[in-house]
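> From first to last, the protein sequence lines stand for chains F and L. So the first sequence is numbered by this note's numbering: it starts at 3 and just counts up by one. So the second sequence is numbered by this note's numbering: it starts at 297 and just counts up by one. Ideal Cβ positions, reconstructed from N, Cα and C, are used throughout, including at glycine. Treat the numbers as computed from the prediction; the structure is a model and nothing was measured. Take this structure, written in structure tokens, and hold onto it; I'll ask about it next.
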Amino acid sequence: MNQERSAIEKVRLSGGEVDSSLTPCPNESRFDDLMEGFSDWFSSILIKETRQAVKSRQFIWTYILQLVLVASWTAIGFGTLGNQLGEGLLTGYFIILGFPLALIIPFSAYRSLSREFEDGTIKLISITTMKPRQIVLGKLGSALIQLTMYLAVIAPCISFTYLLQGISIWNIMSCLSICVGGSIFLTILGLFLAGSFRSRSLGVGVSVVFVLVLGLVYFGWILFVIVSGITDLLILSSEEYFIFSGILFSFSSTALILLASVIAQISFPSDNRSTWVRIMMLLQQTLFFAWVFHILSEEAYRNHVPTILLMWVGHYWLLMGFLLCGESSKLSRRVRRNFPSTLPSRLFLSLFMPGAGRGFLFALANIWSAFLIILILAIYEKPLFDWSWLPHSQRPSSRLASFSWLEEFHSMFICMGFVTWFLSLVFLLNRCILSRVCGHLEPGYGPVLSLVSGTAIFAFITVFAAIISGVFIEPMASAVASSFNWYEMSFAPIVGTQWSIFFIVFGIQAVIITGWAIMLASEDFLMGPIATPERVLIESKPVKINALPVGESIDEIFGELPSKTTGDGTA
Amino acid sequence: MARSVDAMIQLDKVTRSFGNTHAVDDVSFHVEAGEVLGFIGPNGAGKTTSMRILSTLDTPTSGEAWVDGFSVVDDPDRVRARMGWMPDGFGTYPNINCEEYLDFFARSYGLRGKNRLRAIKNVMGFTQLSQLAKKPISGLSKGMKQRLCLGRALIHNPKVLILDEPAAGLDPRARIELREMILELANEGKSLLISSHILSELAEVCDRVAIIEMGKLLAVGTVDSLLNQPTDQSSQNLTTQVAVKFISDLSEFLDWIKTRDDVEVVSSSYDTVVISCDANHEKQSELLAAMMNSKLKVFEFKEKQNSLEDVFLTVTRGAVQ
Ligand SMILES: Nc1ncnc2c1ncn2[C@@H]1O[C@H](COP(=O)(O)OP(=O)(O)O)[C@@H](O)[C@H]1O
Ligand SMILES: [Mg+2]
């Protein structure tokens, strides 16, 4: 039976010499050699998907369609637009460009990841030495390459309109950046959806909804381009500017959180899935404050602004906190090995390590630092924002209204107190009940379960308190009920018996529950690392065939932060 | 932690539960360097689940497993660099050919430049895919796909290979080729864990086999030791099966059998009847003599070898209750 293997094919796998006269050499010219070497710098997914895209009918047809549309629009425009030529052409180009950018690219990114789950190819990729981060960023990268190719078609035409009158480079650039930024955001959203809903049955529903959303976005884009008119675009009043920068901050930081969480979702169960997501949450909060600080210089500071800001922060951390409280408390040895070892590093970095207890404390730390920041801003707004350090001509005209210390302070405190109380409740619920009852569920379900039950508890208490206090005319019952209404208590004036009832009915149990939760959580807090096996230490960088940053220990992640900004995974 | 130093694959009391089903239940075995271990069990026995744990796709509910001394839970990246896995299903990408497919995985394993080209060339040579390099994957036959899949698992030259039902659905020729490739890999010092639900499929290539059913490991040992095992226990009145071929009329033969109460018909076709009779050879020769005496034209009387399937059935039926 040995004859069946022809002699040509008898090639030893390891180190054997291949007879090059028999097997065709994949690349002969020096140019090919160069290209091969060059391609080593890119992620394997990027290369594979670009190859696939170039061969796929869908891509080729969209591409041709775009070319045809651009050409016909240019011809039609010259015939009909007259003195509106520049703006008319540009509007058309942006509508044409919007189609692949808003629909095709995000949806192909979604399909490309969800197909990996359907076909089981994700298993083959995830057991290679590629990191989950490289997989996701590779998908994002190939979307960016497609985006560049679509842009390449339209760029000459767009730059041509610049030669016509009435279009400034600012108009063009801002419109383009909205297009590209929006497309990237939608692509990340698509990747997130694909990572979150993996079953085939759910996948169909999700893809329908996603297409609808994308269609709506595209429709909105068309309206926006036509109605706002490109020439007026982004010549912003200060109020619009403040809204615009807010949108920019929130979209970009949300994109980062989505990206971090889809990476976490496809990570190995024993991997550290939390740290990057928490870093991104912190970043989002920081950006939020940067934005607040920024607008304070522009906007008149209305009453209750500190409380309203904190309400926003409170809701944010309520949701994020529910998710964090649902993390599994059981840590893999892999994660434990990389715990911070010294006491000072533990004090700070423990908050970023996985686990429900540390997640709960992380949320609390964020809430109360937000409280402090806003309090300091509010108290010291005079010296901060009286602009005496600016020359007279440049000082902004509006100033912050005076901060009424007592009133605002108590509102802010009550607001944060309620958030802390809700988080403590949900943390205890997770620790004492859910983790026992639902312990056999796969670890990924914990945060979702916690989010659902937390939101239910929160909605139930708040709505119930509001209804009861409305229905009962009897002042005592009404006061007891409204003690549990976050919104009412935050804005209630500090007078009358309602406050003594509040302290007795709500305050005492809140202190007990919060104290208990913090006590339980702090047991986790000072946890140290465990020893790394010698076999692993000897081979500290064994995966040398894969010359990539490992980036799994907390020190490495933080060490990586300043130098690695793009993190395209191929460095 | 009971970990033998030289074992390339080691499982120690591995359990994996899905709710109340224990897909893998307290399984321990090891595979040494250059050894081929057959992992045999009926469908749903827990073979794939165990292999998924070894290939760092899943984690055990309890117990531990190591590949080349690295824990599959704690150091999956190190395990991955040393381990190739060939799943029972075969996922492909649209619009991609064999060479690009291998190239993609070579890059994904971090192979760069000349190393990558050499790896692709070697693997294509080994799996006889060179002529098919530019063929789209969708046009490949099952056997070719299987070879490509094996090639993919080999692309980073791993020390350990885990093949999940590699022979399923292959024609005889492809099966022979597979067997040869497996032997060649073992000769190169790789450790292989190969699963199948048919013991005979693997008997020739395996140094040892492990038999699993309903998540429980029933037996581990060389094929010979397992073959001998049941007959060791069958000292007294155990029965065996004998295939009798004759040129007499079938009904005549069956009628004769009915007159004997020590013989039972297991199956019959027009010229062969498989009967179950005493395992004792003395008794069998008496039986044959009786047939001859009754003028039945028997031309073959052959005790069925204690076949691998019987061993398999005996082992699996005996232990799981
Ligand atoms: N993801 C899963 N969820 C629930 N049950 C599973 C899952 N995977 C496997 N099982 C169960 O585990 C058992 C073993 O399956 P498997 O390892 O695929 O068997 P084999 O590969 O030996 O045919 C089966 O009873 C199967 O139903
Ligand atoms: Mg199976």
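Going along chain L in order, which residues have a C-beta closer than 7 Å to the C-beta of Lys-57/F?
Result: Asn-391.
> Decide if Ile-156/F is buried, meaning its Cβ has at least 16 other Cβ atoms within 10 Å, or exposed.
Its Cβ being crowded by 16 or more others within 10 Å, Ile-156/F is buried.
> Are the Cβ atoms of Leu-466/L and Gly-447/L separated by less than 8 Å?
No. Outside cutoff.
> Are at least three pairs of beta-carbons, each pair with one atom in the segment 538 to 547 of chain L and one in the segment 348 to 356 of chain L, less than 8 Å apart?
The segment 538 to 547 of chain L is not in contact with the segment 348 to 356 of chain L.
> Quick one: does the C-beta of Asp-384/L sit closer than 7 Å to a heavy atom of ligand 2?
Yes, Cβ of Asp-384/L sits closer than 7 Å to a heavy atom of ligand 2.
> Report the residues of the segment 104 to 122 of chain F with a CB closer than 9 Å to any CB of chain L, ordered along the chain.
Those would be Arg-117, Glu-118, Glu-120, Asp-121, Gly-122, in chain order.
> Using a Cβ-Cβ cut-off of less than 7 Å, list which residues of the segment 335 to 358 of chain L approach chain F; keep chain order.
So the close ones are Ser-351, Thr-352, Leu-353, Thr-355.
> I'd like to confirm something about Lys-343/L: is its beta-carbon nearer than 7 Å to some heavy atom of ligand 1, or not?
Within the cutoff, so yes.
> What are the boundary residues of the beta strand (DSSP E) that Met-478/F is part of?
Met-478/F -> not in any beta strand (DSSP E); alpha helix (DSSP H) instead, spanning 477 to 484.
> Do Thr-251/F and Phe-187/F have their C-beta atoms within less than 8 Å of each other?
Per the sequence shown, the amino acid found at residue 251/F is Phe instead of Thr. For Phe-251/F and Phe-187/F, no; Cβs fall outside 8 Å.
> Quick one: using the 10 Å Cβ neighbour count with 16 as the cut-off for buried, is Leu-528/F buried or exposed?
Leu-528/F is exposed by the Cβ-count criterion.
> Applying the 10 Å Cβ sphere with the 16-neighbour rule, what's the burial state of Asp-551/L?
Asp-551/L should be labelled exposed.
> Tell me whether the beta-carbon of Val-519/L lies closer than 8 Å to the beta-carbon of Ala-506/L.
Result no, Cβ atoms of Val-519/L and Ala-506/L do not sit closer than 8 Å.
> Buried or exposed: Asn-316/L, going by 16 or more other Cβ atoms within 10 Å of its Cβ?
So Asn-316/L ends up on the exposed side.
> Ends of the beta strand (DSSP E) at Arg-312/L?
That run of the beta strand (DSSP E) goes 305 to 314.
> Taking contact to mean at least 3 C-beta pairs separated by less than 8 Å, is the segment 318 to 328 of chain F in contact with the segment 423 to 439 of chain F?
At 8 Å Cβ cutoff, the stretches touch.
> Just to confirm my understanding: we take Ala-292/F, look at its own chain, exclude 5 residues before and 5 after, and list those with CB closer than 8 Å. What are they?
Excluding sequence neighbours, Ala-292/F sits near Phe-251.
> Which residues in chain F sit within 9 Å of Trp-552/L, going by Cβ to Cβ distance?
Near Trp-552/L there are no residues of chain F at all, since even the closest Cβ is about 43 Å away, more than 9 Å.
> How would you write the range of the beta strand (DSSP E) that Ile-508/L sits in, first residue to last?
Residues 504 to 509.
> Within the 8 Å Cβ cut-off, does Ala-464/L reach chain F?
So no, Ala-464/L is outside the interface.
> Considering only heavy atoms of ligand 1, does any lie closer than 7 Å to the CB of Ala-506/L?
Incorrect: Ala-506/L has no Cβ contact closer than 7 Å to ligand 1.
> For Thr-130/F, go through chain L and note every residue whose CB falls closer than 7 Å to its CB, in chain order.
Per Cβ cutoff of 7 Å: Arg-376, Phe-401, Ser-404, Tyr-405.
> Starting from His-326/L and walking both ways along the beta strand (DSSP E), at which residues does that stretch end?
Taken as a continuous stretch (DSSP letters only), the beta strand (DSSP E) holding His-326/L covers 317 to 327.
> For Met-175/F, which of Phe-508/F, Leu-153/F, Ile-147/F has the nearest alpha-carbon?
Comparing Cα-Cα distances from Met-175/F to each of Phe-508/F, Leu-153/F, Ile-147/F, the minimum goes to Leu-153/F.
> Mapping DSSP to helix, strand and coil, what is Leu-514/L?
DSSP places Leu-514/L in strand when its eight states are reduced to three.
> Listing by chain order, which chain F residues have their CB less than 8 Å from the CB of Pro-383/L?
Ordered by position in chain F, the residues that pass the 8 Å Cβ test against Pro-383/L are Gly-122, Lys-125, Leu-126.
> I'd like to know whether the C-beta of Ile-49/F is nearer than 8 Å to at least one C-beta of chain L.
Cβ-Cβ to chain L under 8 Å: yes for Ile-49/F.
> Please classify Ser-531/L as buried or exposed, where buried requires at least 16 neighbouring CB atoms within 10 angstroms.
Note that Ser-531/L has pLDDT 42, beneath the 50 cutoff, so the model's placement of it is unreliable and the number below is only indicative. Exposed.
> Tell me which same chain residues have a C-beta within less than 7 Å of the C-beta of Asn-432/F, skipping the five on either side of it?
Around Asn-432/F: Cys-327, Gly-328, Ala-358, Ser-452.
> Can you list the residues of chain L that Phe-270/F reaches, using a CB-CB cut of under 9 Å?
Going along chain L in sequence order, the residues near Phe-270/F (Cβ under 9 Å) are Thr-352, Leu-353, Thr-355, Val-369, Pro-372, Asp-373.
> On a Cα-Cα basis, can you pick out the residue from Lys-57/F, Tyr-95/F, Phe-226/F, Gly-217/F that is closest to Ser-161/F?
It is Tyr-95/F whose Cα lies nearest to the Cα of Ser-161/F.
> Are Phe-199/F and Val-208/F touching if we call contact CB-CB under 8 Å?
Yes, the pair counts as a contact, with Cβ atoms nearer than the cut-off.
> Please classify Met-529/F: does DSSP put it in a helix, a strand, or coil?
The answer is coil: DSSP assigns Met-529/F none of H, G, I, E or B.
> Check this for me: beta carbons of Ser-276/F and Pro-342/F, under 8 Å apart or not?
No, these two residues do not count as a Cβ contact at 8 Å.
> One question on the structure: do Arg-360/F and Asp-526/F come within less than 8 Å of each other, judged by their Cβ atoms?
Cβ distance < 8 Å, so Arg-360/F and Asp-526/F count as in contact.
> Taking 8 Å as the threshold (beta carbon to beta carbon), is Glu-396/L in contact with chain F?
Chain F contact via Cβ: present.
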